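Undergrad:
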Amino acid sequence: MTRSELHTGDQLKINESLVSPDGRTTLTLQPDGHLVVQVDGKFIWGSWTKGRGGTVLSLQPDGNLVLYTVAGVAVWASNTNHHDGATMRPAVQNDNNVVIYMNNYYV
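Put into structure tokens, the structure is as follows:
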């Protein structure tokens, strides 16, 4: 099943991707721990976490999107925390952007 967004508590694991509805833009957690955005297979953004052990991208209840190692150490974060109780969801869009929505508005 292809998905374009995560919801609170959802995770993206190694070799998994979020894909825009039109299929052109992807957010992928690569085997080397690098979180990347690609458009039509071409790199446009990266978390620069290659080799730092990132194995799972998780949307926390406070709205922060965090890449963790198997030991639970954060190696990258979106810094969108402090939104307890809000409905947060990162989404890959057809306009080639990856955004985090809070209560249907992007932050």
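Residues 1 to 107 (UniProt numbering) make up the sequence shown, in order.
We put the CB at the ideal spot given by N, CA and C, even for glycine.
Note that the structure is a prediction, hence the values are computed from the model and not measured.
Tell me the DSSP secondary structure of Thr55 in three-state form.
TA: Counting from one through the sequence shown, the residue named residue 55 turns up at place 55. Strand.
Undergrad: At what residue ranges does the UniProt domain "Bulb-type lectin" (3-107) contain a whole run of the beta strand (DSSP E), taking only runs of 3 or more?
TA: Entirely contained in the UniProt domain "Bulb-type lectin" (3-107), the beta strand (DSSP E) runs reaching 3 residues are, in chain order, 11-13, 17-19, 25-29, 35-39, 42-46, 54-59, 65-69, 74-77, 88-92, 98-102.
Undergrad: Which same chain residues end up closer than 8 Å to Gly46 when comparing Cβ atoms and leaving out the 5 residues on each side of it in sequence?
TA: Walking along the sequence shown from the start, residue 46 turns up at place 46. Only His34, Leu35, Val36, Val37 meet the Cβ criterion.
Undergrad: For Trp48, does the count of other Cβ atoms within 10 angstroms reach 16, so buried, or fall short, so exposed?
TA: Stepping through the sequence shown from its first residue, residue 48 is reached at position 48. With fewer than 16 other Cβ atoms within 10 Å, it is exposed.
Undergrad: Could you check whether Val39 and Asn96 sit closer than 7 Å to each other, using their CB atoms as the reference points?
TA: As a working note, residue 96 is residue 96 in the sequence shown. As a working note, residue 39 is residue 39 in the sequence shown. Going by C-beta atoms, Asn96 is nearer than 7 Å to Val39.
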